[in-house]
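Q:
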Amino acid sequence: MNIGLSIVTPTALYVKQLAAKKEAPKKQVRIKRKDIAANEVDPELCELGLYIASCRNNGEGVRVPAMCASEWGHVLRTLELKRAFV
Numbered sequence: 076m077n078i079g080l081s082i083v084t085p086t087a088l089y090v091k092q093l094a095a096k097k098e099a100p101k102k103q104v105r106i107k108r109k110d111i112a113a114n115e116v117d118p119e120l121c122e123l124g125l126y127i128a129s130c131r132n133n134g135e136g137v138r139v140p141a142m143c144a145s146e147w148g149h150v151l152r153t154l155e156l157k158r159a160f161v
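Residue 93 in the working numbering sits at position 18 of the sequence shown, with consecutive numbering throughout.
1) Rounded to whole angstroms, how far is the Cβ of Ala-94 from the Cβ of Leu-156, which I believe are closer than 8 Å?
2) Compare the Cα-Cα distances from Ser-145 to each of Glu-115, Tyr-126, Gly-136 and report the closest residue.
3) Quick test of your reading: Leu-151 and Ala-128, contact by CB under 8 Å. State the CB separation rounded to the nearest angstrom.
4) In whole angstroms, what separates the C-alpha of His-149 from that of Arg-158?
5) Do Cys-143 and Val-137 come within 7 Å of each other at the CB atom, strictly closer than that value?
6) In three-state DSSP terms, what is Gln-92?
7) Tell me which same chain residues have a C-beta within less than 6 Å of the C-beta of Gly-124, skipping the five on either side of it?
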């Protein structure tokens, strides 16, 4: 099965097909949000972030549960803060 599209960036074939239709390639819009303050991070997600950081330092693997984007943002913010204070 040959797929001429890429999820990350439009391929040349896709751009040519759109040019033939006189359409512009579609772009994903990134929504910029403000940083989460250290005191606004959910404590449970903060613990998960610290657990991930400690496992990484020990060279162990980590199973990360499924979570929505806002929860994932809290975990990533915890990792950023942990890295800043190391």
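Virtual Cβ for every residue (Gly too), placed ideally from N, Cα, C.
A: Taking the structure as given:
1) Locating residue 94 in the sequence shown gives position 19, counting from the first residue. Locating residue 156 in the sequence shown gives position 81, counting from the first residue. 46 Å between Cβ atoms; not a contact.
2) Numbered from its first residue, the sequence shown carries residue 145 at position 70. Cα-wise, what sits closest to Ser-145 is Glu-115.
3) Here residue 151 corresponds to residue number 76 of the sequence shown, with the count starting at 1. Here residue 128 corresponds to residue number 53 of the sequence shown, with the count starting at 1. The pair is not a contact, with the Cβ atoms about 11 Å apart (cut-off 8 Å).
4) Within the sequence shown, the letter at position 74 stands for residue 149. Within the sequence shown, the letter at position 83 stands for residue 158. Approximately 14 Å between the Cα atoms of the pair.
5) In the sequence shown, the residue the question calls residue 137 occupies position 62. In the sequence shown, the residue the question calls residue 143 occupies position 68. Contact flag unset, no.
6) Counting from one through the sequence shown, the residue named residue 92 turns up at place 17. Helix.
7) To locate residue 124, count along the sequence shown from 1; it is residue 49. Result list for Gly-124: Val-150, Thr-153, Leu-154, in chain order.
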